[in-house]
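Asks: Sharing a structure here in structure tokens format.
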Amino acid sequence: MLTRLAFVASMATKLGDTLATEIGKAYGRRTLLITTLQEVEAGTEGAVSREGTLACAAGAIFLSVFGALSGLIPFQISTIMVCATSAFIATLLESVIGATLQRRYPWLSNEAVNIMNTALGATLAVAVRSLWP
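What follows is the structure, given as structure tokens:
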């Protein structure tokens, strides 16, 4: 069960991140750097917008529910919430990594940060579910 939870959480994280990026760039009215809350241009590493953040949450919830409906994870509110919340938190932490480490180290590519993001979403979900059955 934990392996499937990790899989669904990693996919929920990736969908949430993709939606946050695309919706935030296209429709974000105000974009803020997550670490300082200073207004920055859309597309800046570590930037967040209300619209992108809501899209992230919606995507994480959608994919978590889909994972439960498809039988990959138990159809329980607690499992769905652990999965979606882990994905959401991981995506916010990816913005922190983008604002701090990625801006400082040019060799830290978007691909590397995305791998960290999806791994973090999976790890958080498994850790929380392991500690809170």
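Residues in the sequence shown are numbered consecutively from 251, following the numbering used here. Glycine included, each C-beta is placed from N, C-alpha and C at the ideal position. In this text, all values refer to a predicted model and were calculated from it rather than measured experimentally.
Can the beta-carbon of E295 be found less than 8 Å from the beta-carbon of Q352?
Replies: For the purposes of this step, residue 295 is taken as residue 45 along the sequence shown, with counting starting at 1. For the purposes of this step, residue 352 is taken as residue 102 along the sequence shown, with counting starting at 1. The answer is yes: Cβ separation under 8 Å.
Asks: When you compare only the Cα positions, how much space is there between T273 and L381?
Replies: Numbered from 1 along the sequence shown, position 23 holds the residue referred to as residue 273. Numbered from 1 along the sequence shown, position 131 holds the residue referred to as residue 381. A small correction: the amino acid at residue 273 is Ile; Thr does not occupy that position in the sequence shown. Using only the alpha carbons, I get a separation of about 34 Å.
Asks: Less than 8 Å between C-beta atoms, sequence neighbours within five positions excluded: which residues of the same chain meet that for N364?
Replies: Counting from one through the sequence shown, the residue named residue 364 turns up at place 114. Only K264, D267, E344 meet the Cβ criterion.
Asks: Since L282 is in the beta strand (DSSP E), which residue starts that stretch and which ends it?
Replies: Taking the sequence shown and counting its residues from 1, one reaches residue 282 at position 32. Start and end: 281–283.
Asks: On the three-state DSSP scale, how would you describe S260?
Replies: Here residue 260 refers to the residue found at position 10 when the sequence shown is read from its first residue. S260 falls in the helix class under three-state DSSP.
Asks: Across the region 328–342 and the region 253–262, are there enough close Cβ pairs to call them in contact, namely three or more that are closer than 8 Å?
Replies: Short answer: they touch.
Asks: Counting Cβ pairs closer than 8 Å, one from the region 320–329 and one from the region 301–309, do we hit at least three?
Replies: Contact fails: fewer than three Cβ-Cβ distances are below 8 Å.
Asks: Give the secondary structure of V290 by DSSP, where H, G and I count as helix, E and B as strand, and everything else as coil.
Replies: Counting from one through the sequence shown, the residue named residue 290 turns up at place 40. Of the three classes helix, strand and coil, the one that applies to V290 here is coil, per DSSP.
Asks: Answer yes or no: do R280 and S299 have a C-beta to C-beta separation smaller than 8 Å?
Replies: By 1-based counting over the sequence shown, the position of residue 280 is 30. By 1-based counting over the sequence shown, the position of residue 299 is 49. Yes, Cβ-Cβ distance for R280 and S299 is below 8 Å.
Asks: If I'm right that A276 touches A337 with Cβ under 8 Å, what's the distance once you round it to whole angstroms?
Replies: As a working note, residue 276 is residue 26 in the sequence shown. As a working note, residue 337 is residue 87 in the sequence shown. Actually they are not in contact, since the Cβ atoms of A276 and A337 sit about 21 Å apart, beyond 8 Å.
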